[in-house]
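Q:
Protein chains in written order, with full-length UniProt numbering: chain A, 1 to 344; chain B, 1 to 344.
So this is what it looks like as structure tokens:
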């Protein structure tokens, strides 16, 4: 067995932040990106954890993200809170906008945060969880880069376009889901390629738009949306609402901007927040209590609520720390020492 | 060939409205329900057309809808427009709330209409299309009655929980989708039963929670969500947002209220409207033009936009009228003459 080093969440956060600072990020950008990377590692999502540091550094190195961007929030009497990320990571922009979004949501019952001109890194669950922790429900979505064919089509056009939702629970983690509207994330196909395994039917098309189970052909071709024409329609809605509507890039434009799918995508993001207490008007008592009996009914018949595996991993990480392998520790050390040069 | 009678949309609307008036509906309730029934017939959706009149009359006869309900709209400075349907059909409530929703959306950039205490009849596309015709985008959803098991579960809990979306297009019908978040609508299973055909795998569970392809067993058991755990999560979100959050019935409560799935369900409805011009802030020019190039790219690779078949049928109906069979004409006549007695 290789040796493992156990770090607390705070220790790992400090270390990851230092890497980004040494790569030229401002304290603010570095702190915000480090928080979501460590949240992924903490929650047992290795695919969204420290493994992602290199990709972020590559995106900085390629000049596709502004490492010291200063986000600016613009809010008025409307339900729209706009945060100009000014070319930085979405995370710092979201952190700046969150209290304003909460204030507007409490004032109006519902409000939306638009993040423009950002590099979107990682999952959407950190965003909807942060909103849910304030007692508000949240629906978040963003485009990606064009790698998914619409149902009935033959070529990449849609992104993997994730959608996430959070609902606050008083004595538990929020109800949270976060998934790609493609059949699977692109990383899944890459994993099949590395393992030399065929893809299940229905995941992908080859370069000629024909169904394929060959991961190599799929990576050169197009992925397919989840759930057939329904998933394709939802993914298109995400392009419209979180691309065209918010005045930001849609997935084909995001791909053109980057010229590759190996860097973190640049586009906007839309987060809609709801105040359930305002919406319910107390018509049938506390809406959260009504929701709890529904969650109980789901669990009572043996079905799982989403994100439970992640929350279990989190509890363990918070209690016992995060265990990293010797190779992972060495990689952190290397990234800190050589910074951007490590990815050039 | 049986003889067919061709009626204009206006003629058929007047005839359907008369049936509801003779069954005790107020002018307002009768007019609103007739409009959506005739819209279904006009658009070639026979399953949402005049075939549905009987079910509505049965719901009135069972005392589960108030045929002369007077909806009331409550609006303030917030983003929430609440319409109390007061036990009537959702359609009259929606019509009352629509101009207020549009006004609030233009004022704030985004607003929501909550319809409470209504019998929800028919599809959601009439709602999102009506909003889109005002130049606004719309996302609508509602629960139903518990007939769908959550993924990993064994018993009916979720409704077929439809979700619809509309995006305005300047020189074309809006981009519109509207679908059940179950694998199929319940009527599909009923059609398989009548035809003596087995269901495809993955549609349903029997009473013991085991997968089945027998339509009879499926009707006694539970349907399944579309798209596996992702569709199940979206359907749960609809229960939370358009049930608990708006202070109205969730699908198990709606089923308990009716005691049957043969009447139109009673619950609430949520319609969120967005002003794309406000959201875009003109950052990248006109958001509608950006969207058009995306629609062109979808169609350009041979994929279809949703609702096209419906819009083609509509054009034909508006140009040439709606052709009804002799049996359909006789049924309309019978329903007009005997009213509620026809369904007792």
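The beta-carbon is built from N, C-alpha and C at its ideal position, and this holds for glycine as well.
Is it right to say residue 166/B is buried, meaning 16 or more other beta carbons lie within 10 angstroms of its own, or is it exposed?
A: As a working note, residue 166/B is residue 166 in the second chain. So residue 166/B ends up on the buried side.
Q: In chain order, what residues of the stretch 255-274 of chain A put their CB closer than 8 Å to some CB of chain B?
A: Cβ contacts with chain B: 272 and 274.
Q: Ends of the alpha helix (DSSP H) at residue 293/B?
A: In the second chain, the residue the question calls residue 293/B occupies position 293. First-last of the alpha helix (DSSP H) with residue 293/B: 287-300.
Q: Since residue 346/A contacts residue 41/A with CB under 8 Å, what's their CB separation in whole angstroms?
A: The shown model of chain A, from 1 to 344, leaves out residue 346/A, and the question about it has no answer.
Q: In terms of residue numbering, what span does the beta strand (DSSP E) encompassing residue 269/B cover?
A: As a position in the second chain, residue 269/B is number 269, starting the count at 1. Note, residue 269/B: beta strand (DSSP E), 266-274.
Q: As an exercise, report each continuous alpha helix (DSSP H) stretch of at least 4 residues that is fully enclosed by the stretch 7-46 of chain A, in chain order.
A: Qualifying alpha helix (DSSP H) stretches, in chain order: 9-22 and 27-42.
Q: For residue 318/A, count neighbouring C-beta atoms within 10 Å of its own C-beta (all shown protein chains included) and say buried if the count is 16 or more, exposed if not.
A: On the first chain, position 318 is the one that residue 318/A refers to. Residue 318/A is exposed by the Cβ-count criterion.
Q: I want to verify the contact list: residues of chain B whose CB lies under 7 Å from the CB of residue 114/A, in sequence order.
A: Counted from its first residue, the first chain places residue 114/A at position 114. The contacting residues are 279.
Q: Compute the Euclidean distance between the alpha carbons of residue 190/A and residue 199/A, then round it to the nearest angstrom.
A: Stepping through the first chain from its first residue, residue 190/A is reached at position 190. Stepping through the first chain from its first residue, residue 199/A is reached at position 199. Looking at the two C-alpha atoms, the distance is approximately 10 Å.
Q: What are the uninterrupted segments assigned as beta strand (DSSP E) that are 3 or more residues long and contained completely in the stretch 147-220 of chain A, given in chain order?
A: Correct list: 162-167 and 175-180.
Q: Between the stretch 43-73 of chain B and chain A, which residues of the former have a C-beta closer than 9 Å to a C-beta of the latter?
A: Those would be none; no residue qualifies.
Q: Contact between the stretch 243-254 of chain A and the stretch 140-151 of chain A: three or more CB pairs below 8 Å?
A: The answer is yes - the stretch 140-151 of chain A touches the stretch 243-254 of chain A, with three or more Cβ pairs under 8 Å.
Q: Taking residue 254/B and residue 147/B to be in contact with their CB atoms under 8 Å, please state how far apart those CB atoms are, rounded to whole angstroms.
A: Locating residue 254/B in the second chain gives position 254, where the first residue counts as 1. Locating residue 147/B in the second chain gives position 147, where the first residue counts as 1. Actually they are not in contact, since the Cβ atoms of residue 254/B and residue 147/B sit about 10 Å apart, beyond 8 Å.
Q: For residue 170/A, does the count of other Cβ atoms within 10 angstroms reach 16, so buried, or fall short, so exposed?
A: Here the question's residue 170/A lines up with position 170 in the first chain. With fewer than 16 other Cβ atoms within 10 Å, it is exposed.
Q: Answer yes or no: do residue 16/A and residue 50/A have a C-beta to C-beta separation smaller than 8 Å?
A: Here residue 16/A corresponds to residue number 16 of the first chain, with the count starting at 1. Here residue 50/A corresponds to residue number 50 of the first chain, with the count starting at 1. Their beta carbons are under 8 Å apart, which means residue 16/A touches residue 50/A by this criterion.
Q: If you measure beta-carbon to beta-carbon, which residues of the stretch 75-100 of chain A are closer than 7 Å to chain B?
A: So the close ones are 78, 79, 80 and 82.
Q: Return the Cβ separation of residue 301/B and residue 324/A in integer angstroms, given the expectation that the two are a contact with Cβ distance under 8 Å.
A: As a first step, residue 301/B must be located in the second chain, where it is residue number 301. As a first step, residue 324/A must be located in the first chain, where it is residue number 324. Residue 301/B to residue 324/A, Cβ: 45 Å. No contact.
Q: Which one or two residues does DSSP pair with residue 72/B in a beta bridge?
A: Residue mapping note: residue 72/B aligns to position 72 of the second chain, counting from 1. Answer is 84/B, bridged to residue 72/B.
Q: So which of 91/B, 25/B and 37/B has the shortest CA-CA distance to residue 9/B?
A: Along the second chain, one-based indexing puts residue 9/B at 9. Minimum Cα distance to residue 9/B is reached at 37/B.
Q: How far does the alpha helix (DSSP H) with residue 128/A in it extend, from its first residue to its last?
A: Reading the first chain from its first residue, position 128 is the one you call residue 128/A. First-last of the alpha helix (DSSP H) with residue 128/A: 125-132.
Q: Tell me which same chain residues have a C-beta within less than 6 Å of the C-beta of residue 39/B, skipping the five on either side of it?
A: Numbered from its first residue, the second chain carries residue 39/B at position 39. Cβ neighbours of residue 39/B beyond the five flanking positions: 126.
Q: Contact between the stretch 109-118 of chain A and the stretch 74-84 of chain B is defined here as three or more beta-carbon pairs at a separation below 8 Å; is this criterion met?
A: As far as the Cβ criterion goes, the stretch 109-118 of chain A touches the stretch 74-84 of chain B, which means the pair count is three or higher.
Q: Can you name the residues of chain B whose CB is closer than 8 Å to the CB of residue 301/A?
A: In the first chain, the residue the question calls residue 301/A occupies position 301. The answer, in chain order, is 149, 150, 153, 154, 155, 157 and 209.
Q: For residue 324/B, which three-state DSSP category applies?
A: The residue labelled residue 324/B in the question sits at position 324 within the second chain. Strand, per DSSP.
Q: Please classify residue 225/B: does DSSP put it in a helix, a strand, or coil?
A: Within the second chain, residue 225/B is the residue found at index 225, counting from 1. Three-state result, residue 225/B: strand.
Q: Counting only beta-carbon separations shorter than 8 Å, does residue 308/B have a partner in chain A?
A: Indexing the second chain from 1 puts residue 308/B at position 308. Chain A contact via Cβ: absent.
Q: Between the alpha carbons of residue 234/B and residue 341/A, how many angstroms are there, rounded?
A: Residue numbering aside, residue 234/B sits at position 234 when the second chain is read from its first letter. Residue numbering aside, residue 341/A sits at position 341 when the first chain is read from its first letter. Between residue 234/B and residue 341/A, the C-alpha separation is close to 43 Å.
Q: Taking 8 Å as the CB-CB cut-off, is residue 239/B touching chain A?
A: By one-based count along the second chain, residue 239/B stands at place 239. At least one chain A Cβ lies under 8 Å of residue 239/B.
Q: Nearest chain A C-beta to residue 126/B closer than 8 Å, yes or no?
A: In the second chain, counting from the first residue as 1, residue 126/B sits at position 126. Not closer than 8 Å to any Cβ of chain A, the Cβ of residue 126/B fails to qualify, so no.
Q: Going by alpha carbons, who is nearest to residue 24/A out of 98/A, 88/A and 100/A?
A: Position 24 of the first chain, counted from the start, is the residue given in the question as residue 24/A. Here the closest residue by C-alpha is 88/A.
Q: Note down the Cα distance separating residue 265/A from residue 334/A, rounded to an integer number of angstroms.
A: Within the first chain, numbered from 1, the residue matching residue 265/A stands at position 265. Within the first chain, numbered from 1, the residue matching residue 334/A stands at position 334. Between residue 265/A and residue 334/A, the C-alpha separation is close to 25 Å.
Q: For residue 28/A, which option in 85/A, 53/A, 64/A and 62/A has the closest C-alpha, if you only look at C-alpha atoms?
A: Stepping through the first chain from its first residue, residue 28/A is reached at position 28. Nearest C-alpha to residue 28/A: 85/A.
Q: Please report how far the alpha carbon of residue 214/A lies from the alpha carbon of residue 188/A, in whole angstroms.
A: Taking the first chain and counting its residues from 1, one reaches residue 214/A at position 214. Taking the first chain and counting its residues from 1, one reaches residue 188/A at position 188. C-alpha separation (whole angstroms): 13 Å.
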